[in-house]
Every structure is written in structure tokens, then in C-alpha cells.
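Chemist:
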Amino acid sequence: MRILGIESSCDETAAAVVEDGRIVLSNAISTQIPIHTLYGGVVPEIASRKHIERITQVVEQGLSDAGCTLDDIDAIGVTYGPGLVGPLLVGTSFAKALAYGRDLPLIGVHHIEGHISANYIEHPDLEPPFLCLVVSGGHTHLVRVLDYGQYEILGRTVDDAAGEAFDKVARAIGLGYPGGPKIEKKALEGNPDAIAFPRAKVDEHPYDFSFSGLKSAVLNYLNGMQMKGEPVNEADVAASFQKAVVSALVDHAMMALDEFGGDKFAIAGGVASNGAFRQAMKDACEKRGVQFLCPSPILCTDNGAMIGAAAYYDYMKGRRDSWDLNATPNLKLGER
Ligand code: KG4
Ligand code: ZN
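Numbering that gives the first Met the number 0 applies: residue 0 is where the sequence shown begins, and numbers increase by one.
(1) Thinking just about the alpha-carbon of each residue, which of Arg-155, Tyr-314 and Glu-183 is nearest to the one in Leu-332?
(2) Taking any heavy atom of the ligand ZN as the mark, which residues have a C-beta closer than 5 Å to it, listed down the chain?
(3) Do Asp-73 and Gln-1 have their beta-carbon atoms positioned less than 7 Å apart in this structure?
(4) For the alpha helix (DSSP H) that Val-244 lies in, which residues bound it at each end?
(5) If contacts are defined as beta-carbon pairs under 8 Å, then Thr-91 and Leu-324 qualify, I think. What distance do you get, rounded to the angstrom?
(6) Can you tell me which of Tyr-147, Glu-126 and Pro-177 puts its alpha carbon nearest to the alpha carbon of Val-41?
(7) By Cβ distance, which residues of its chain are closer than 6 Å to Ala-234, with the 5 residues on each side in sequence left out?
(8) If you count every other CB in all the chains shown that lies within 10 Å of the CB of Thr-78, and 16 or more means buried, which is it?
(9) Helix, strand or coil for Asn-210 per DSSP?
(10) Are Lys-316 and Gly-148 touching if we call contact CB-CB under 7 Å?
(11) Sorry if obvious, but does the Cβ on Gly-179 come closer than 6 Å to a heavy atom of the ligand KG4?
(12) Is any non-hydrogen atom of the ligand KG4 found closer than 6 Å to the C-beta of Phe-165, if you look at the structure I gave you?
(13) Which one or two residues does DSSP pair with Lys-263 in a beta bridge?
(14) Please state the DSSP three-state secondary structure of Asn-118.
(15) Using only the alpha-carbon positions, how far apart do Leu-153 and Gly-261 sit?
(16) Taking all protein chains shown into account, do 16 or more other C-beta atoms lie within 10 angstroms of the C-beta of Ser-8, making it buried, or fewer, making it exposed?
(17) Please name the residue, chosen from Leu-174, Asp-250 and Arg-170, that lies closest to Val-201 on a Cα-to-Cα basis.
(18) So if DSSP puts Thr-156 in a beta bridge, which residue, or which two residues, is it bridged to?
(19) In chain order, what residues of the same chain lie with their CB nearer than 6 Å to the CB of Val-108, ignoring the 5 residues before and after it?
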């Protein structure tokens, strides 16, 4: 079964062909990062326009890279939420038109379910149940994957997402957008123990995350240094900030493992491509004898293959969407 997966929820226009939910035949991605870099972050209106300009080409590329035409495609999967409404509308409208025109089944995919499903591609033997930490620019979700398409959310961020914190701190120290990869690179030259930034806890809900306090602590530190007329070592700030985020993420993950058990822990989302985070999670899981799983970096950031994989399992569970499928910017995980 070959599914064409389409993704356009933020600043990547992507299309991939995935066979039986696990085998990636193509993974075409057109990123808008160079455009949004000019503005220091994603400008939704510009993102929508760029998706419109590129989606036809990207889908054609996805098909031709797989050596396919639409005749070889059995269903179309598309991200319909959560995300930016304009960008989501471009992907859903395109997918609907294509599915209607070719009389193909249409499957609306939840973006986070897509990120989680990137692990099915990378690890062909992986089956639920497992625990998964989804960390991206828009989401920080600690999830129990009970079965395909069946999730229990243990915790989420109460303010900024982890990737958002990376982006905001990078801007504050003058590294530009997108912050994650730039902070990771800068941190390699710095001392992670140079500055003791706080690790926020949400007392009433131990599995929830909070990153806005950490971001404010970095901004206060930078202001304080400026007022004292002292130079800032950006590499130390980057390394110390990254350590604080990574330790909050790893602590929550290990707390969930201690309470819920299980023998597998997966990560997903753009921040999951961070080398320091991957290493810290691997070490912590190995210490407990738990298998650690993560997708390759190209499958962590937004892509169409993860949407094709998620759509396959939705399809197998009987999901079919009709022509009224709509972009749903605040779609909740597990909501249908
Ligand atoms: O999953 P993704 O491509 O889009 C969303 O669904 O949000 O994630 C993008 C986010 C951005 O905030 C970016 O700064 C962050 O992931 N990111 C990273 C790294 N690469 C991307 N954060 C930390 N380290 C990285 N290497
Ligand atoms: Zn994403």
C-alpha cells in the first residue's frame, strides 16, 4: 500500500511516498527557512504564499523521486492540524483536490501523530506500547503511545515549547532563526556549567513543562551583564541554556519511565535532532536497561514521510475523511 504524505503546517512544504507505513520511497522537502530568517521567525502570511507557490512542484518531486505516478498511489495523507491556519489550508486543499480528482481515499493526519510515527520508519520492528517525548517548535508533549493512533498525554508545556525557547534565546544572543541548530553549534564551544539557569517545575502537574522562566532567566542574565558593562560569552550562554532544557526534558522522561515502566522510550520532533539531547536520553535510557529510539535528524524536523507513515496506520484503523476535511489549527491529539 503506497501513501502520498503531504505536510505544510509551518515552514516546510513536503511530500513523500511511503509503502506499508514503514518504507520511505521518497521524501521531498522544500524549506522556507532562508526566507523567514530575514524576519527572525516564521511570518504566517509569507509561509502560506510560499506553500502555494511550491506545493505542486514538491508533490511532483515526491512522486518522481519514488519512481511513481499518481496511478501507483493508493491513498493520500495530509496534515490538517495543529499548525498555522494558512499553511494548513494549502496542504489540505491540495490533498482534497488531488484525492477527489483521482478518486483516492483521503486521510487527515494529526501533526504530532506524524512526528511520533517517524519512529516507525526508523525502527521497522517498533510496535506500541512505548513512551514518547515530542519536542518541536510548537509542541512539548510527553505521551504514552498505547496503540497505533491511541495516545495518553501525560504532560505538555504550560507556556513555550522547547523549540520555541531555543528560537527565542538564539534571537536574544544574536544567532538568528532557527535557533535550535544555531544554539547547538554555538554550545559546542561553550561550558555547559558556566551559568546556573533554573530548571522549572510545574508543582501541581509534575509531567508538565515550563520554559518561559528559563527564557526570562537568560534574558535577565544578558541584561545584567550589559548593565554591568561586562562582555557576554555567547557560547557559555548557549551551552548552559541547552543543558537546562535537556535536563528538564530528560528528568521528565525518566520520571515517566519510573512510573509507567516499559522497555522502550522514543523521541520525536525538531528538537529531537539535537545531539546533546539525543546523547543524554540515550545515556539515561541505557542506565535503566531501556531501549532508546530516535528518528534520523531529517525525519525529526517536519517532513512528508512521517505523515505517510501515520496515515497508513490511520487507514488500517478505518479512517477515511470526506471533502469537508478542514485545516484545524488547534487540533488536539487523539481528537477526531
Ligand atoms: O518539528 P519541527 O520542524 O516543526 C514544528 O513542528 O514545530 O521543529 C522545529 C523546531 C524549531 O523550534 C527549531 O529551532 C527546533 O525544532 N530545532 C532544534 C534543532 N533543530 C531544530 N532544536 C534544538 N536543536 C536542534 N538541533
Ligand atoms: Zn513539526
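Glycine is no exception: its CB is placed at the ideal position from the N, C-alpha and C atoms.
Modeler: Reading from the atomic positions:
(1) Arg-155
(2) Ser-135 and Asp-301
(3) The sequence given here places Arg at residue 1; Gln does not occur at that position. Cβ atoms of Arg-1 and Asp-73: closer than 7 Å.
(4) 233–259
(5) 6 Å
(6) Pro-177
(7) Lys-185, Glu-188 and Gly-189
(8) buried
(9) In the sequence on display, residue 210 carries Phe and not Asn. It is coil, neither helix nor strand.
(10) yes
(11) yes
(12) yes
(13) Gln-290
(14) helix
(15) 15 Å
(16) buried
(17) Asp-250
(18) Phe-208
(19) Gly-76, Thr-78, Ile-306, Ala-309 and Ala-310
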